[in-house]
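Number of protein chains: 4
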Amino acid sequence: MVPRYSRPAMAEIWSPETRYRIWFEIEALAAEAMAEIGTIPASAAISIRQGGAPRVAAMGPADVERIDEIERVTRHDVIAFLTWLGEGIGEDARYMHQGLTSSDVLDTCLAVQMTRAADLLIADVEAVMAALRARAMEHKFTPTIGRSHGIHAEPTSFGLKLAGHYCEFARNRERLIAARAEVATCAISGPVGTFASVDPRVEAHVAKSLGLAIEPVSTQVIPRDRHAAFFATLAVVAGAIERLATEVRHLQRSEVREAEEFFHAGQKGSSSMPHKRNPVLSENITGLARLVRGYAMPALENITLWHERDISHSSVERVIGPDATIALDFALMRLAGMMEKLTVYPVRMTENLEGLGGVVHSQKVLLALTQAGLSREDSYAAVQQAAMATWLKLGQPDVKSFAENLLARPEVAAVMDAATLSRVMDPQLDFRHVETIFARVFGTA
Amino acid sequence: MVPRYSRPAMAEIWSPETRYRIWFEIEALAAEAMAEIGTIPASAAISIRQGGAPRVAAMGPADVERIDEIERVTRHDVIAFLTWLGEGIGEDARYMHQGLTSSDVLDTCLAVQMTRAADLLIADVEAVMAALRARAMEHKFTPTIGRSHGIHAEPTSFGLKLAGHYCEFARNRERLIAARAEVATCAISGPVGTFASVDPRVEAHVAKSLGLAIEPVSTQVIPRDRHAAFFATLAVVAGAIERLATEVRHLQRSEVREAEEFFHAGQKGSSSMPHKRNPVLSENITGLARLVRGYAMPALENITLWHERDISHSSVERVIGPDATIALDFALMRLAGMMEKLTVYPVRMTENLEGLGGVVHSQKVLLALTQAGLSREDSYAAVQQAAMATWLKLGQPDVKSFAENLLARPEVAAVMDAATLSRVMDPQLDFRHVETIFARVFGTA
Amino acid sequence: MVPRYSRPAMAEIWSPETRYRIWFEIEALAAEAMAEIGTIPASAAISIRQGGAPRVAAMGPADVERIDEIERVTRHDVIAFLTWLGEGIGEDARYMHQGLTSSDVLDTCLAVQMTRAADLLIADVEAVMAALRARAMEHKFTPTIGRSHGIHAEPTSFGLKLAGHYCEFARNRERLIAARAEVATCAISGPVGTFASVDPRVEAHVAKSLGLAIEPVSTQVIPRDRHAAFFATLAVVAGAIERLATEVRHLQRSEVREAEEFFHAGQKGSSSMPHKRNPVLSENITGLARLVRGYAMPALENITLWHERDISHSSVERVIGPDATIALDFALMRLAGMMEKLTVYPVRMTENLEGLGGVVHSQKVLLALTQAGLSREDSYAAVQQAAMATWLKLGQPDVKSFAENLLARPEVAAVMDAATLSRVMDPQLDFRHVETIFARVFGTA
Amino acid sequence: MVPRYSRPAMAEIWSPETRYRIWFEIEALAAEAMAEIGTIPASAAISIRQGGAPRVAAMGPADVERIDEIERVTRHDVIAFLTWLGEGIGEDARYMHQGLTSSDVLDTCLAVQMTRAADLLIADVEAVMAALRARAMEHKFTPTIGRSHGIHAEPTSFGLKLAGHYCEFARNRERLIAARAEVATCAISGPVGTFASVDPRVEAHVAKSLGLAIEPVSTQVIPRDRHAAFFATLAVVAGAIERLATEVRHLQRSEVREAEEFFHAGQKGSSSMPHKRNPVLSENITGLARLVRGYAMPALENITLWHERDISHSSVERVIGPDATIALDFALMRLAGMMEKLTVYPVRMTENLEGLGGVVHSQKVLLALTQAGLSREDSYAAVQQAAMATWLKLGQPDVKSFAENLLARPEVAAVMDAATLSRVMDPQLDFRHVETIFARVFGTA
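Protein chains in written order, with full-length UniProt numbering: chain A, 1 to 445; chain B, 1 to 445; chain C, 1 to 445; chain D, 1 to 445.
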């Protein structure tokens with residue numbers, strides 16, 4: 001992932017140094033288990049740990065380059081690493097990797113990296129949730145228009161809007177926890193996964209030490225449906241980011257102006273139009289959401305490996321392992337900050353809410369008319385015509401409000417007077433169940 | 001979905017009649033809850049149930065056409081249905097749908113349809129699992145070559161191969177159960193989801209009666225991350241189908257011939273080449289897996305609706321709702337039947353296993369040499385050169401077996417005699433942990 | 001594709017009857033070429049044509065069912081058809097399909113269907129172009145605000161907006177013509193494409209008669225990169241639909257109200273809120289665009305067939321062949337009608353354009369100040385601060401216009417007076433090159 | 001893209017330094033055009049060129065870091081660059097970028113980068129074509145079995161296989177040329193694309209100097225359907241790579257062994273199994289093909305920008321611009337080298353071809369029997385049964401060849417003797433049109 005969209009903690013998980021350190025840990029743990037079982041001398045396991053630990057702890061770019069150099073000859077990354085590592089261990093290095101295949105190391109390492117990445121992403125989602133919760137509480141009763149199809153529908157509260165997004169991120173938190181569990185398995189089962197050359201107890205020890213489950217049947221590789229489910233989950237999370245970013249983009253539109261991304265001192269909205277204040281963060285993460293969605297496709301195609309394994313998944317994962325998690329991490333944290341600092345304009349919300357002459361209360365009127373005895377069809381016709389009479393004249397000097405147009409209709413006047421109509425259209429009615437919904441979402445204090 | 005790939009039980013879930021019947025049930029339940037609360041007269045709820053129930057029970061193509069006709073005028077499907085339904089209820093029809101929006105009905109109906117579809121898919125996966133389990137037990141110790149990169153690696157058992165696929169379908173069963181729970185929610189919350197015109201108790205009653213959870217925050221619609229997660233899960237299941245189908249396609253290759261799809265009497269493999277017996281079922285479901293994968297993309301894009309809702313998701317779901325579930329149902333059941341009846345050729349498996357002159361035992365030899373005192377590097381070189389000497393002469397008259405080539409090398413002969421080597425290369429060694437793995441997968445009897 | 005989104009002309013291309021008629025035409029043409037060459041008796045070709053032509057011309061659902069029945073025994077669709085066809089030809093039927101494979105018939109038929117579908121789609125795009133051209137001419141100088149990031153940027157004309165979309169559809173017309181050429185090839189080359197059993201002159205004859213090119217190397221099948229390129233093109237066209245639909249959805253927003261989909265007499269915008277007039281057509285085709293985009297993925301995966309061919313592409317194409325073309329046809333024609341009848345509100349456009357107190361002219365002022373001698377940095381700061389002073393007070397009683405705020409700044413007043421500033425902000429300046437752009441797009445009269 | 005899959009020439013196109021140099025070129029050319037028209041002083045254009053040229057020519061990492069630093073304050077990349085550039089120009093820097101928007105610079109720069117990338121990709125495809133052509137000529141008449149469904153079908157030549165892939169790459173070359181033309185446009189049209197502040201002659205000059213066409217209607221941005229079409233084309237090319245890689249993977253299977261990737265001295269196929277020689281290059285590029293396919297999705301979603309533009313496309317393009325082109329460049333060149341050096345085993349091809357006892361000649365026999373007077377149905381039955389009698393006993397001691405089984409059938413013996421049958425089954429018959437096909441593909445010498 002380009003540095004512009006990389007945060008250090010997530011990028012670090014995918015660095016060569018981190019990868020080699022995890023490889024070493026797997027090899028050392030496996031050796032210790034083998035020593036315990038008696039497959040290799042106890043002293044060898046100690047040599048491996050003591051010789052290797054400082055070597056990987058101290059490793060830097062020069063070591064990475066040295067390993068790359070060995071790989072250019074052997075054309076095999078794990079062999080290259082083991083050769084480099086062996087230089088620090090001596091004789092006993094020959095006891096390393098006994099009966100293992102590269103995949104045992106690579107796939108278990110990937111499991112460690114992906115679970116670490118999942119942990120960061122879960123924390124990111126929690127940061128978004130915290131921001132949404134705080135803003136939802138703040139605006140629990142801030143009236144704003146609810147919109148379906150981009151058209152004013154009925155009043156709602158801004159806090160309720162945010163509570164809906166909160167719920168979606170809460171669901172995504174659960175999905176990420178499940179996705180983490182999907183990939184948190186260890187395979188140390190040797191060629192084609194038969195344990196012919198490595199005892200299952202070695203796997204059990206490595207798995208337990210690394211906080212992983214054992215893979216019930218690994219066929220030299222951990223099956224890729226796990227990884228596909230993981231990346232598909234990231235794509236679902238990306239959708240939540242895009243939905244909220246789209247909401248902000250809409251609210252910041254010049255004609256709407258109900259909310260705005262925080263605008264920094266010194267910021268320039270446009271090189272040519274100094275008046276601009278653009279929702280660039282929301283747009284940026286909308287694009288990142290598209291990327292993360294795109295990464296799910298090759299992950300899904302990766303499931304179909306040939307027989308016990310082929311290595312076509314590897315080039316995909318070298319790229320999307322880091323890219324999808326880094327992009328999502330960046331987008332989530334950008335979103336969290338954006339929501340924390342979002343400038344909200346309640347006055348403007350009220351102006352917009354009332355901007356259509358009251359037609360947004362049409363359903364409450366429809367219901368009241370029906371209950372007052374008009375047929376559903378007649379009620380609908382009366383309300384629709386009164387609403388259109390207001391709507392289509394908006395901005396003209398002779399526009400009448402929705403209430404006026406309603407009362408001017410004999411069939412309405414026959415069953416309802418102005419005072420009743422006013423009570424029917426009271427916006428407070430729209431909030432009567434906000435507390436109920438908040439209790440569903442955030443629990444009751 | 002085209003009839004060719006549709007099974008009746010799944011197709012029925014998506015028929016207009018089924019949809020209308022669920023719509024009616026939702027309206028009738030809602031009316032009953034409202035009567036209980038006192039929003040509408042108790043007699044009205046009874047009229048709705050008694051007038052509507054026989055009408056939808058008896059509905060047929062002519063009714064569907066009549067509703068379509070009304071929709072061509074009103075341009076609104078739920079209103080068209082309610083008009084048609086009202087004709088059988090009379091006066092009290094005006095108490096139907098009080099304070100509801102179309103989405104309350106449509107989205108809750110979709111939840112019912114998707115959970116029913118999920119139930120079928122779970123049963124399908126269980127059928128695949130049953131077939132795989134039976135064949136895995138049958139071939140628990142049938143020796144076959146394990147292949148990595150399409151190249152012979154080490155011996156494994158055919159049952160173990162199948163056990164791996166069994167595990168993947170078992171994981172998919174769990175994923176489908178989770179996906180079912182994702183979409184099993186009910187929303188009866190009125191315009192923009194505020195409950196301004198419908199009491200939350202109505203939602204609670206409908207949800208409970210239909211076996212659904214309530215949606216904590218519905219914004220007129222049930223949020224589409226749920227549906228996206230559902231369709232993404234179907235894509236992961238499709239991957240498992242493709243992986244197993246690909247295995248069968250490989251095994252049936254002319255040069256491999258280890259297994260074959262059942263060939264029916266009267267079947268013609270090719271219009272021009274009478275000798276052909278092709279793995280056409282596997283290829284067919286490979287294509288269906290691609291389709292199901294493709295359907296996940298629009299589902300993911302559907303998450304980002306505008307504000308409280310727009311209706312862009314609807315045209316997508318009218319197509320992929322049925323198409324993805326019908327295609328997957330068909331593919332799973334075709335796969336289950338295919339695996340049940342798969343013709344397996346154990347003799348051929350053994351021939352292939354031994355076809356490379358014994359080089360497939362190279363890792364066991366490598367390990368034994370290392371343990372006998374040779375360095376890892378020297379062992380690797382000796383084994384690789386002996387193996388290549390066999391491999392590259394395969395089919396030639398003077399080819400020597402891997403064992404012969406090994407013993408001809410002084411550094412090998414120095415540490416190992418023919419009898420030892422023979423013991424090292426015993427294929428039974430490869431099966432020593434098959435029981436362990438089967439116990440992991442199927443439990444212990 | 002569901003009937004709701006199917007137009008008869010496109011659906012007809014994909015009906016079983018059409019398919020069988022094309023199959024017959026290919027078989028008859030091939031027989032005629034073989035008779036010409038002398039491979040089969042001339043009388044046989046005549047029998048095939050004369051016996052088969054009336055049979056396929058008259059075919060109906062019962063024949064389709066009869067063929068399906070035969071296929072249930074032979075499990076081969078082309079053999080089933082030939083058997084049915086042969087019943088009408090007699091003895092000479094044995095000369096049909098000599099040396100051909102099913103794929104010769106199937107793939108050439110698909111080429112015919114796809115080119116016909118492409119012809120309809122090209123006509124559809126031309127209908128969209130005609131609507132856009134007419135509306136662009138009508139609104140060539142209708143002022144409206146140009147928006148970047150959803151924020152008011154600078155004035156433009158509504159006709160210019162439409163001209164941009166016109167260009168995109170013109171490009172898509174070219175792309176569809178290219179995509180049509182991609183798939184307009186014929187393969188009659190026999191098993192694995194060697195012409196071992198069928199003379200290349202047969203292919204040449206069939207190709208020429210059907211208006212197709214010959215496929216240079218068919219390996220029993222026409223290579224699927226052609227079809228992938230075709231479906232990928234449909235996905236690009238779908239993007240254009242979604243972009244224009246999104247524009248309309250934005251313009252119809254309650255706060256914007258610059259344009260509106262035509263609202264039919266009798267139409268109900270919402271079952272619960274009678275005041276609603278929603279951009280449901282635009283939203284509908286936005287969803288269809290997602291579907292068409294999704295269909296490109298399995299088409300791309302179809303490229304990788306095994307060796308000379310496998311049949312995994314077939315189940316994909318049976319579905320997306322019709323579904324992608326039918327959905328796109330429907331969406332394009334819905335879009336064309338929608339743009340023809342779009343209700344445009346020029347008065348509202350002007351109101352919105354002037355709604356921000358003149359700040360939308362900031363770049364013209366910036367430029368003028370720079371030219372009047374202020375440094376770029378100072379000009380930018382002055383303009384940005386004057387613009388923000390207006391913007392942030394919008395709706396408040398003491399708001400000053402952008403011009404007032406500018407002239408209140410000494411560094412501005414020092415280089416520019418009110419009259420000059422007024423000239424600089426003249427909106428007509430924004431239209432000075434509209435004619436130039438229209439000439440680029442539509443040519444000069 | 002990770003360094004492992006990056007070749008320097010392509011990576012260089014996407015470096016910050018290259019980008020800034022192109023930005024400068026655009027600004028300098030625009031200034032020169034403005035000076036020519038008289039918008040800015042002639043001396044200013046000279047200052048800009050003379051002050052800026054050495055500054056960008058000499059720029060290195062420290063300059064890039066300095067620009068990043070400015071951007072952290074201004075939050076605007078183009079303004080940051082102009083500020084840095086201005087430091088080397090002095091007073092006249094204020095004449096730079098007059099009336100332009102950032103997008104004029106960014107989008108025109110992207111056009112330059114994408115056309116350069118396209119040029120490299122076209123050359124890459126030509127390298128693949130050259131390798132395929134050479135190997136096709138070499139193996140024009142090397143007999144090998146053609147396979148449909150992975151099952152032996154009829155003989156073909158290995159050269160003919162390669163010729164088919166050559167054709168696909170030739171088509172992709174044409175597609176890349178078209179895709180290059182799609183994105184080779186220049187936009188210098190100012191805010192919302194009206195040319196209100198920049199004369200169209202400036203655009204004409206910059207376009208011509210950079211070898212680009214002008215964009216007929218740019219709405220501040222170059223419309224993204226162009227880029228979508230470009231990336232979709234890359235996805236189609238990726239499919240060709242995967243198809244050929246899959247062919248090689250199949251040919252290298254242990255049971256097939258007809259071809260093999262070149263195996264380097266010192267290469268280790270497996271860390272644990274020294275006998276392995278795996279088609280790892282093919283598998284690697286199969287994965288890269290998946291990646292490139294995945295990148296097409298966000299590019300397609302990028303089409304739908306809001307109104308005149310939003311910036312959601314930008315984060316997508318910052319990633320997939322380099323990643324898709326770099327991955328495809330790497331995969332193509334790896335493929336070219338792989339095909340050049342592919343080890344081909346003609347002896348093994350012949351062994352496989354004859355491995356099924358002659359049944360692969362079934363269609364020629366079927367045809368001959370029909371022509372000798374047997375009905376098609378009887379011929380098919382005879383041939384199918386004779387073929388199965390051979391096939392199902394393969395590997396058993398009493399297996400009879402296909403010819404023997406045929407002649408043992410009275411209905412066959414009645415119309416055909418052994419000598420005739422032998423002539424009918426002559427493999428040379430399968431090659432009679434190879435020259436014709438080669439002439440179609442490569443032209444005639």
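Cβ coordinates follow ideal geometry from the N, Cα and C atoms, glycine included.
Thinking just about the alpha-carbon of each residue, which of the options is nearest to the one in residue i?
i, options, result
"residue 451 of chain C", "D:171, D:212, D:160", "Nothing about residue 451 of chain C can be reported from this structure: the residues present for chain C run from 1 to 445 only."
"residue 390 of chain A", "A:305, A:377, A:408", "A:408"
"residue 346 of chain A", "A:125, A:258, A:24", "A:258"
"residue 371 of chain B", "A:382, A:92, A:84", "A:92"
"residue 103 of chain D", "C:342, C:329, C:149", "C:149"
"residue 340 of chain C", "C:180, C:330, C:261, C:402", "C:261"
"residue 318 of chain A", "A:9, A:7, A:8, A:13", "A:13"
"residue 264 of chain D", "D:278, D:251, D:295, D:253", "D:278"
"residue 362 of chain A", "A:156, A:387, A:79", "A:387"
"residue 55 of chain D", "D:34, D:23, D:413", "D:23"
Identify every residue that forms a DSSP beta bridge with residue i.
i, result
"residue 184 of chain B", "In DSSP, residue 184 of chain B forms no bridge with anything."
"residue 143 of chain A", "A:157"
Quick check on DSSP: helix, strand or coil for residue i?
i, result
"residue 434 of chain C", "helix"
"residue 408 of chain A", "coil"
"residue 213 of chain B", "strand"
"residue 58 of chain C", "coil"
"residue 152 of chain A", "strand"
"residue 105 of chain C", "helix"
"residue 309 of chain D", "strand"
Checklist entry - Is the number of C-beta pairs between the segment 414-432 of chain C and the segment 188-197 of chain D that are closer than 8 Å three or more? => result Touching, yes.
Checklist entry - Of the residues that make up the segment 382-413 of chain C, which ones have a beta carbon closer than 7 Å to any beta carbon in chain A? => result Taking 7 Å as the Cβ-Cβ cut-off, the segment 382-413 of chain C approaches chain A at 383, 384, 387, 391, 395, given in chain order.
Checklist entry - Should the segment 298-310 of chain D be called in touch with the segment 320-336 of chain A, which here means at least 3 C-beta pairs below 8 Å? => result They do not touch, by the three-pair rule.
Next on the checklist: Along the segment 239-266 of chain D, where does the CB come closer than 8 Å to a CB of chain B? Name the residues.
Outcome noted: Of all residues in the segment 239-266 of chain D, the ones placed with a Cβ closer than 8 Å to any Cβ belonging to chain B are 249, 250, 252, 253, 254, 255, 256, 257, in chain order.
Next on the checklist: For the structure I just gave you, are there three or more beta carbon pairs, one from the segment 397-407 of chain D and one from the segment 125-139 of chain D, closer than 8 Å?
Outcome noted: No, the segment 397-407 of chain D is not in contact with the segment 125-139 of chain D.
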